[in-house]
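Just so you know, we're using my numbering here: the sequence shown kicks off at 331 and counts up by one.
C-beta: ideal position from N, C-alpha, C; glycine also.
Being a predicted model, the structure only gives us computed values, none of them experimental.
Just below is one structure, and these are the notes that go with it.
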Amino acid sequence: MQKLFYPKKNMFKNPLIKNMCEYRDLVDEFDKDYEGTWAKFANEKIDWFKPYDQILDESNAPFYKWFTGGQMNVAHQCVDRHLETKKNKAAIIFEGDNGDQRILTYRELAYEVNKTANMFKNNFGVKKGDRVVIYMPMIPESAIVMLACAKIGAIHSVVFGGFSAEALRDRIIDAEAKLVVTADGAYRKGKPYMLKPVVDIALSSGCECVQNVCVVERNGENIEWIAGRDYSYNELIKEQSSKCQTEPMDSEDPLFLLYTSGSTGKPKGVQHSSAGYILWAQMTMEWVFDIQDNDTFWCTADVGWITGHTYIVYGPLAAGATTVMFEGVPTFPDAGRCWKMVEEYQINQFYTAPTAIRLLHKMGADEPTKYDLSSLRILGTVGEPIDPPAWKWYYEVVGNSNCSIVDTYWQTETGGHVISPLPVATPIKPACATFALPGIIAEVIESDGTPTEIGEKGLMCITKPWPAMIRTIWNNDERFIKSYFGDCKKEGKAIYFSGDGAMIDEDGYITITGRTDDVINVSGHRMGTAEVESAIKKHDNVASVAVVGKPHEIKGEGIFAYVVLKSVPTTQKDQTAEEFALAKEINAMIKTEIGAIALCDGMIFVSDLPKTRSGKVMRRILRSIAKGEKITQDISTLENPNIVKSIEKIFNS
Ligand code: WTA
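Below is the structure:
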């Protein structure tokens, strides 16, 4: 039997869920009265302007609605309502790449959010329901801008700063954004980098919807200003009033869109609601991170991903906590940077991705021992499966075998954690997400709804709607149904399928086994194979291509491409040189089309791809080859069975 790690209860003073009995009581409460229990929490946690009429409206499933008729506002929930009791508490502690610091109290945050909201209304004519694209670095203004949108009811769509101009343009056009908020640039590894020029390229064609660009000045580098379109945030902010009316929002009014990759086609704009989303963001902060009034919480994600939305900005602020925002990278100036910050700010909860843990382990296994990390109580991981060696180092060296590790499983679509240990209650098995949180009815099943046997892989489904779930894909209800409610049924009813596989062991513990579709998880970031393939196909000499995930020591999974060329070099000598040059060109293409995060870690040139008789590329075979596995499946039914041997030979050479 696998060893269990029990929480060190003396590390925790006043946790909300103290033991497994209390966990089970909560699960039972939801079991007995699902909607009533959600209502209890909604009443307790949300500062309603107008009470809701109905808890859950299932009349138009799977377009579920929660707390309909109710009115509230997420910026009020995260900022204004705290002013009475936490006016001078630090809301955001910012540390820049080069070590500069800035602390915003709740009062200062409210002041900045109000001024920014007024600027959006007065200078850019942003109204309730308008879309604002945010392409920003990790500076406090990113959170301020998100909250300013929430304050006036505008829908924000944050685009990760590592995405290219093309990727940014696609997202601007799909969301039909009126305003783009960006920065001149920021700093990384001691050097300035630029963002505004990327916006300029993105807007150079096809973005007629965009009327203005608002530029926050961060690094002061030279940028171009287009008269009448581009305005300086730092200038406009000076003229704004610090009083701003809060827009009453219906529970179901969209709070934000966040684009994420699927297995096919273009990224999809995952749409989240106001009340249900913020309720769960706040509840999971309390349950999973045991957030206490005096805590300092640090999530190292970027605001461009869902983890940054829910656990840098919305969750911590809704809970009235102090959240740390870091502009730089964990390895600059050295691999002790994070631990130095933990010591300096006395961080109590540290939340990061397994990729970062593996990197920090590799680059500085002893670094944590050089700092006082005794403030830490909870260490979190997210985004990808964590491997046992990384887990062990995190637990023993970073946590000094005292901290609880919460391996949190969730997705852009789930809004917040869905399967995770509770830090004070759950006995932990390393690298295991353990149990569904109370209120989340998670099941591992076959596609027809039959539960899988103990220890067998099945599909990770959530069988009841929950308040923080995705509402739809922006402008594409059909794709929403097909992507999430098309594969699995229970008792004849379509249920939410996450796209992940999972396994339940003899003790009821759930382990996530990874994606079952063609999504690759690179450094905890979702990459659609279709997106990468369509970028590669733009190269003139590419006839066809298939990309798959390949295990990678640091990134978890890397991207591996099998490329079929239109014209093949003839001599062996030419071939090596030409293929090298082509691989470089293809990667440059990917960088332009998507961004550096989608670069291929490996690429081979093959004469054909293995296909079924109906012409479907057999990705499973290509995945096995990339993993160095033996091909055990029957390949005789392929249209071109001989190609498998030939690809294996090239791969191994
Ligand atoms: C994967 C990130 C294993 C999973 C919050 C999921 C995980 C995808 C874990 C969502 C975990 C996330 N263990 N796998 N603890 N957490 N994943 O939308 O494949 O960027 O579907 O949200 O990451 O990625 P997303």
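Through-space distance from M613 to Y336, alpha-carbon basis:
Residue numbering aside, residue 336 sits at position 6 when the sequence shown is read from its first letter. Residue numbering aside, residue 613 sits at position 283 when the sequence shown is read from its first letter. Straight-line Cα distance between these residues: approximately 23 Å.
I'd like to know if the segment 408-428 and the segment 632-639 are in contact, where contact means that at least 3 CB-CB pairs between them fall below 8 Å.
The segment 408-428, when compared against the segment 632-639, does not touch it at the 8 Å Cβ threshold.
Roughly how many angstroms separate the alpha carbons of A649 and A505, rounded to a whole number?
For the purposes of this step, residue 649 is taken as the residue at position 319 of the sequence shown. For the purposes of this step, residue 505 is taken as the residue at position 175 of the sequence shown. The alpha-carbon atoms of A649 and A505 are separated by roughly 30 Å.
Between the CA atoms of G844 and T780 - distance to the nearest angstrom
If you number the sequence shown from 1, residue 780 lands on position 450. If you number the sequence shown from 1, residue 844 lands on position 514. Distance between the alpha carbons of T780 and G844: 20 Å.
Pick from E616, P392, T782, R667: whose alpha carbon is nearest that of E425?
For the purposes of this step, residue 425 is taken as the residue at position 95 of the sequence shown. Minimum Cα distance to E425 is reached at R667.
Inter-residue Cα distance where the pair is P698 and N730:
The count along the sequence shown starts at 1 and reaches residue 698 at position 368. The count along the sequence shown starts at 1 and reaches residue 730 at position 400. If you take the alpha carbons of P698 and N730, they lie about 9 Å apart.
Could you tell me whether the segment 505-523 touches the segment 458-475, where touching means 3 or more Cβ pairs closer than 8 Å?
yes
Could you say if the segment 553-570 and the segment 346-361 meet the contact criterion of at least three C-beta pairs nearer than 8 Å?
no
Taking its Cβ as the centre, do 16 or more other Cβ atoms sit within 10 Å of K759, making it buried, or is it exposed?
For the purposes of this step, residue 759 is identified with residue 429 of the sequence shown, where counting begins at 1. Buried, by the Cβ-count rule.
So which of V456, Y517, T630 has the shortest CA-CA distance to K508?
Position 178 of the sequence shown, counted from the start, is the residue given in the question as residue 508. Out of V456, Y517, T630, V456 has the C-alpha closest to the C-alpha of K508.
Terminal residues of the alpha helix (DSSP H) in which V528 lies
On the sequence shown, position 198 is the one that residue 528 refers to. Element bounds for V528: 526-532.
So T640 packs on G745, CB below 8 Å; how close in whole Å?
As a first step, residue 640 must be located in the sequence shown, where it is residue number 310. As a first step, residue 745 must be located in the sequence shown, where it is residue number 415. Confirmed, Cβ separation roughly 7 Å.
Do A473 and M655 count as a contact pair if the criterion is CB distance below 8 Å?
Along the sequence shown, one-based indexing puts residue 655 at 325. Along the sequence shown, one-based indexing puts residue 473 at 143. Taking 8 Å as the Cβ cut-off, M655 and A473 qualify as a contacting pair.
For Y681 and I735, the rounded distance between their alpha carbons:
Within the sequence shown, residue 735 is the residue found at index 405, counting from 1. Within the sequence shown, residue 681 is the residue found at index 351, counting from 1. Cα to Cα, the separation comes out at about 10 Å.
Closest to G536 by C-alpha separation, out of Y523, I469, I503, would be which residue?
Here residue 536 refers to the residue found at position 206 when the sequence shown is read from its first residue. Closest by alpha carbon: I503.
Might you give, ordered along the chain, the residues of its own chain that have their beta carbon closer than 7 Å to the beta carbon of A761, omitting 5 neighbours on each side?
For this step, residue 761 is matched to residue 431 along the sequence shown. The answer, listed in chain order, is P715, I716, D717, P718, W721, D737.
Using DSSP with H/G/I as helix, E/B as strand and the rest coil, what is L334?
Working through the sequence shown from its first residue, we reach residue 334 at position 4. Residue state, collapsed to three classes: coil.
Contact between the segment 887-906 and the segment 916-935 is defined here as three or more beta-carbon pairs at a separation below 8 Å; is this criterion met?
With the cut-off at 8 Å, the segment 887-906 and the segment 916-935 touch.
Does DSSP put P618 in a helix, a strand or coil?
Along the sequence shown, read from residue 1 onward, the residue named residue 618 stands at position 288. It should be pointed out that residue 618 corresponds to Val in this sequence rather than to Pro. Judged by DSSP in its simplified three-state form, V618 adopts coil rather than helix or strand.
Going by the beta-carbon positions, is the gap between E577 and K458 smaller than 8 Å?
Position 247 of the sequence shown, counting from 1, holds the residue named residue 577. Position 128 of the sequence shown, counting from 1, holds the residue named residue 458. Result yes, Cβ atoms of E577 and K458 sit closer than 8 Å.
Taking just the CA atoms, how far does A651 sit from K417?
For the purposes of this step, residue 417 is taken as residue 87 along the sequence shown, with counting starting at 1. For the purposes of this step, residue 651 is taken as residue 321 along the sequence shown, with counting starting at 1. Whole-angstrom Cα-Cα distance: 12 Å.
Considering only residues of the segment 533-580, which uninterrupted alpha helix (DSSP H) runs meet the minimum length of 4 residues and lie entirely inside it, listed in chain order?
Runs of the alpha helix (DSSP H) lying entirely within the segment 533-580 and spanning at least 4 residues, in chain order: 563-566.
Kindly confirm or deny that the segment 382-398 and the segment 793-809 touch, where touching means at least three C-beta pairs closer than 8 Å.
yes
Less than 8 Å between the C-beta atoms of K880 and G888, yes or no?
In the sequence shown, residue 880 corresponds to position 550, counting from 1. In the sequence shown, residue 888 corresponds to position 558, counting from 1. A contact, by the Cβ cut-off of 8 Å.
Can you give the Cα-Cα distance for K339 and G491, rounded to whole angstroms?
Taking the sequence shown and counting its residues from 1, one reaches residue 339 at position 9. Taking the sequence shown and counting its residues from 1, one reaches residue 491 at position 161. Their Cα atoms are separated by approximately 40 Å.
Let me check you understand the geometry: is the CB of E714 closer than 7 Å to at least one non-hydrogen atom of the ligand WTA?
On the sequence shown, residue 714 is found 384 positions in, with the first residue counted as 1. Checking the Cβ of E714 against the ligand WTA gives yes.
Name, in chain order, the residues that DSSP records as bridge partners for A516.
In the sequence shown, the residue the question calls residue 516 occupies position 186. For A516, which the question treats as bridged, DSSP gives the partners Y523.
DSSP three-state label for E442, please.
Counted from its first residue, the sequence shown places residue 442 at position 112. Correct three-state label for E442: helix.
Taking Cβ positions, are A611 and Y644 nearer each other than 8 Å?
For the purposes of this step, residue 611 is identified with residue 281 of the sequence shown, where counting begins at 1. For the purposes of this step, residue 644 is identified with residue 314 of the sequence shown, where counting begins at 1. Against a cut-off of 8 Å, the Cβ pair of Y644 and A611 comes out as a contact.
Rounded to whole angstroms, what is the Cα-Cα separation between S603 and R501?
Against the sequence shown, residue 603 aligns to sequence position 273. Against the sequence shown, residue 501 aligns to sequence position 171. If I take the Cα positions, the gap works out to 19 Å.
Simplified DSSP assignment, three categories, for Q431
Stepping through the sequence shown from its first residue, residue 431 is reached at position 101. In the structure shown, Q431 adopts extended strand secondary structure according to DSSP, grouped into three states.
What residue from V475, V543, E471, A447 has the CA that sits closest to Q570's CA?
Locating residue 570 in the sequence shown gives position 240, where the first residue counts as 1. The shortest C-alpha separation from Q570 is found at A447.
When you measure from the CB of G844 to every non-hydrogen atom of the ligand WTA, does any distance come out below 7 Å?
Here the question's residue 844 lines up with position 514 in the sequence shown. At least one heavy atom of the ligand WTA is nearer than 7 Å to the Cβ of G844, so yes.
Please name the residue, chosen from E909, E414, I920, that lies closest to A865 on a Cα-to-Cα basis.
The residue you call residue 865 lines up with position 535 of the sequence shown. Taking only the C-alpha atoms, the option nearest A865 is I920.
Under 8 Å, do V540 and Y563 count as touching if we go by C-beta distance?
Residue mapping note: residue 540 aligns to position 210 of the sequence shown, counting from 1. Residue mapping note: residue 563 aligns to position 233 of the sequence shown, counting from 1. Cβ atoms of V540 and Y563: not closer than 8 Å.
On the CB-based measure, 16 or more other CB atoms within 10 Å of its CB, does Q601 come out buried or exposed?
Working through the sequence shown from its first residue, we reach residue 601 at position 271. Q601 is buried by the Cβ-count criterion.
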